[in-house]
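S.K.: Just passing along the structure, written as structure tokens.
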Amino acid sequence: MTADAGPTSVDATAGVDAIADTGPTRADVAGTGGPTDATGLRRLAVDTLDANWEHDHTVPSRTLYPHQWSWDSAFIAIGLAQVRPDRAWRELTSLFRAQWADGRVPHIVFNPALRVGAYFPGPEMWRSADVPGAPTVATSGLVQPPVHALAALLAYRRAPDPTGLAALRRLYPAFVAQQRYLADRRDVAGDGLVCIVHPWESGLDNSPAWDEPMAAVPAEAAVMSAYRRHDTAHADAAHRPTDLDYARYLAIVAAYRDQGYSDRDLAAGHPFLVECPLFNAAFGAAEHALAEIAALVGADPGPHRARAARITEALLRRLHDRGAGTFQPRDLRTDRLVSARTVLGLTPLILPDLPTRQADALVVEARSARFGVARRMDRPLPTYDRTAPDFEPLRYWRGPSWLNIGWLVRRGLLAHGHPELAAGLRRSMIGLVAGAGCHEYFHPDTGVGLGSPAFSWTAALLLDLLAE
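In our numbering, the protein residues as written are 6 to 473.
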């Protein structure tokens with residue numbers, strides 16, 4: 006369904022101006038393997054989502070990710086609302102059916118119909134069945150950025166009918182419980198921000214942002230000889246996290262699991278504790294979304310607005326690096342901001358109440374040579390400072406371009422009065438798919454598709470971009 010190779014240069018994105026600016030007009034994207042018009046791109050996206058539909062949810066991909074992932078389902082619901090609104094609500098409902106009694110929404114919900122070993126680490130590693138309050142279906146014990154309330158609000162705006170309103174009414178208490186879990190259980194420093202306990206919770210698994218805190222996690226790459234990694238069977242190992250990364254990931258999982266996934270004593274010895282700008286920006290954006298949802302379903306929006314303001318204030322106080330003009334993760338083990346300049350720092354733009362001074366500084370950062378956002382972009386948005394000596398254009402979150410991150414940054418640019426930059430980023434993202442298909446991620450210089458083909462959130466967010 007998708008092309009496995011993209012153009013040799015993302016100058017081809019110039020040809021999507023007609024698609025991006027006027028809708029279903031023929032675009033001149035010469036020499037590319039993907040559709041070259043808005044109708045073809047829309048059909049590609051719908052076909053991808055249909056092929057990845059699995060009875061009540063959408064798998065991210067049939068190869069690398071055969072189960073249900075948390076923030077994937079949120080992004081997927083946004084796109085489904087354009088073409089299959091009933092499925093958008095089923096997507097979110099099925100995910101929240103696996104919500105734990107404490108309110109956490111697990112980052113993986115395992116499909117019991119799949120064989121053991123279909124994904125690593127699978128249910129046998131997580132052992133959620135041993136934990137009181139876990140659902141009957143097997144899940145992980147980690148969470149991901151809480152973009153779900155925002156996704157539900159956007160899905161309803163696309164299809165504002167009685168069915169959608171009834172779904173919002175059903176989901177609202179679950180969203181509130183999700184936020185309550187994060188606020189009550191994960192505010193480890195007592196400063197109003199959420200702490201992630203594993204790099205996987207950030208969604209940007211092997212970002213250079215985690216190099217400093219991960220270096221303190223004791224592990225040896227040789228540990229991986231006892232396991233069979235699923236990801237490197239379907240993707241080039243040179244594009245994926247290293248065995249040392251994975252050994253550390255598993256050590257952190259084991260530490261959390263062996264404490265029954267309890268958040269009570271995290272500060273006493275958990276090996277990875279970080280306040281992430283993206284996770285906390287999503288945490289604040291969720292409260293803004295919940296304020297709107299509350300008004301729709303007859304609840305009080307006031308407490309949500311108040312919590313959103315407190316989260317933004319805490320982000321500014323704890324994670325804003327005034328010298329760099331961006332936001333940086335804080336390693337709670339050292340109580341220091343990490344130094345790597347990653348795209349995580351741009352994501353607080355999604356907060357509508359981010360003060361103008363800080364928002365303007367983030368726009369300067371976005372337009373810099375590190376990230377290259379412009380009215381007309383000659384290269385896509387990378388996930389890491391492309392001027393850094395350790396920039397890796399092929400390795401997962403250490404350089405490549407991802408549509409979900411670009412989508413978030415674009416929303417932030419629109420929220421803070423930069424429609425021309427948002428339009429440039431939109432054209433660039435549409436151009437990536439026009440050139441390479443619905444890949445998981447893309448080369449940040451050439452636009453070649455990387456990772457899994459036929460990737461669901463790429464398809465879903467493409468539909469959202471085309472709808473505008």
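From the three backbone atoms N, C-alpha and C, an ideal C-beta is built for every residue, glycine too.
When DSSP labels each residue in this structure, what does D3 get in the three-state scheme?
M.R.: Outside the displayed range of the chain (6 to 473) lies residue 3, so it cannot be described from this structure.
S.K.: From the DSSP output, in three-state form, read off F447 for me.
M.R.: In this structure, F447 counts as strand in the three-state DSSP scheme.
S.K.: Can you check DSSP and say which residues form a bridge with R262?
M.R.: According to DSSP, which records beta bridges pairwise, R262 is partnered with nothing at all.
S.K.: Can you tell me which residues form a DSSP beta bridge with V279?
M.R.: V279 pairs with I201, D336.
S.K.: Hey, quick one: how far does the alpha helix (DSSP H) through R380 stretch, first residue to last?
M.R.: Neither: R380 is in no alpha helix (DSSP H) and is coded neither H nor E.
S.K.: From this set, V64, L437, L337, which residue's C-alpha is nearest W215's C-alpha?
M.R.: Of V64, L437, L337, the residue nearest in Cα terms is L337.
S.K.: At 4 residues or longer, and completely inside the segment 53-128: list those alpha helix (DSSP H) runs for me, N to C.
M.R.: Within the segment 53-128, the complete alpha helix (DSSP H) runs of at least 4 residues are 75-88, 90-101.
S.K.: Under DSSP, the alpha helix (DSSP H) around S461 begins and ends at which residues?
M.R.: Element bounds for S461: 461-472.
S.K.: Below 8 Å on the Cβ atoms is my contact criterion, and I expect R315 with G197 to pass it. Report the Cβ-Cβ distance as a whole number of Å.
M.R.: With 8 Å as the limit, R315 and G197 qualify as a contact, their Cβ atoms being about 6 Å apart.
S.K.: Do E445 and L430 have their beta-carbon atoms positioned less than 8 Å apart in this structure?
M.R.: No, they are not a contact pair.
S.K.: Taking C-alpha atoms, which residue in A441, T361, I410, G404 lies nearest to G422?
M.R.: Checking every option, the nearest Cα to that of G422 belongs to T361.
S.K.: Looking at C-alpha atoms only, which residue of G169, E425, P223, P150 is the closest neighbour of N409?
M.R.: Of the candidates G169, E425, P223, P150, the one whose C-alpha sits nearest the C-alpha of N409 is P150.
S.K.: Would you decide whether T141 is buried or exposed? Buried here means 16 or more other CB atoms lie within 10 Å of its CB.
M.R.: Flag for T141 reads exposed.
S.K.: Whole-angstrom Cβ separation of P357 and A286, contact assumed at under 8 Å?
M.R.: Rounded, the Cβ-Cβ distance is 11 Å, inconsistent with contact.
S.K.: With DSSP as the reference, identify every bridge partner of D326, one or two as the case may be.
M.R.: DSSP output for D326 lists T331 as bridge partner(s).
S.K.: Compare the beta carbon distance of H203 and F277 with 8 Å and say whether it is the shorter of the two.
M.R.: Closer than 8 Å, so yes.
S.K.: Taking the beta carbon of E292 as the centre, do at least 16 other beta carbons fall within 10 Å, making it buried, or is it exposed?
M.R.: Buried, since its Cβ has 16 or more Cβ neighbours within 10 Å.
S.K.: Pick helix, strand or coil for G454, following the three-state DSSP scheme.
M.R.: Three-state DSSP puts G454 in a strand.
S.K.: Considering only C-alpha positions, which residue in the set D135, Y177, P71 is nearest to L119?
M.R.: For L119, the nearest C-alpha among the options comes from P71.
S.K.: Determine contact between the segment 257-275 and the segment 157-164, defined as no fewer than three beta-carbon pairs at a distance below 8 Å.
M.R.: No contact exists between the segment 257-275 and the segment 157-164.
S.K.: P40: buried (16+ other C-beta within 10 angstroms of its C-beta) or exposed?
M.R.: It is buried - the Cβ of P40 has at least 16 other Cβ atoms within 10 Å.
S.K.: What three-state label does DSSP hand S480 in the structure shown?
M.R.: No information on residue 480 is available, as it lies outside the stretch 6 to 473 that the chain covers here.
S.K.: Suppose you measure from the CA of S461 to the CA of A329; what does that come to, to the nearest Å?
M.R.: Between S461 and A329, the C-alpha separation is close to 35 Å.
S.K.: Would you call V414 buried or exposed, if buried means 16 or more other Cβ atoms sit within 10 Å of its Cβ?
M.R.: So V414 counts as buried.
S.K.: For the alpha helix (DSSP H) containing Y177, list its first residue and its last residue.
M.R.: Per DSSP, Y177 belongs to the alpha helix (DSSP H) from 167-190.
S.K.: Using only the alpha-carbon positions, how far apart do L386 and Q184 sit?
M.R.: Their backbone Cα atoms lie some 30 Å apart in a straight line.
S.K.: Roughly how many angstroms separate the alpha carbons of P117 and A143, rounded to a whole number?
M.R.: Their backbone Cα atoms lie some 8 Å apart in a straight line.
S.K.: Could you pull out every residue in the same chain whose Cβ sits closer than 6 Å to the Cβ of H153, ignoring the five residues on either side in sequence?
M.R.: Closer than 6 Å at the Cβ level, and outside the excluded window around H153, lie A79.
S.K.: Per DSSP, which residues does T144 bridge with? Please list them.
M.R.: Paired residues: V114.
S.K.: Going by Cα to Cα distance, which pick from G45, W74, P137, A172 is closest to P90?
M.R.: If we check each option's Cα against that of P90, A172 comes out closest.
S.K.: By the DSSP assignment, the alpha helix (DSSP H) with I355 in it spans what residues?
M.R.: Counting along the chain, I355 falls outside any alpha helix (DSSP H), and DSSP gives it neither H nor E.
S.K.: Looking at Q87: is its Cβ nearer than 8 Å to the Cβ of D469?
M.R.: Contact: yes.
S.K.: Could you name the residues that DSSP lists as bridge partners for S406?
M.R.: Partner(s): F447.
S.K.: In three-state terms, what does DSSP make of Y161?
M.R.: Correct three-state label for Y161: helix.
S.K.: Tell me, which residues are paired with L413 by DSSP?
M.R.: Paired residue(s): none; L413 is not in a bridge.
S.K.: Grouping DSSP H, G and I as helix and E and B as strand, with all else coil, what is T347?
M.R.: Strand at T347.
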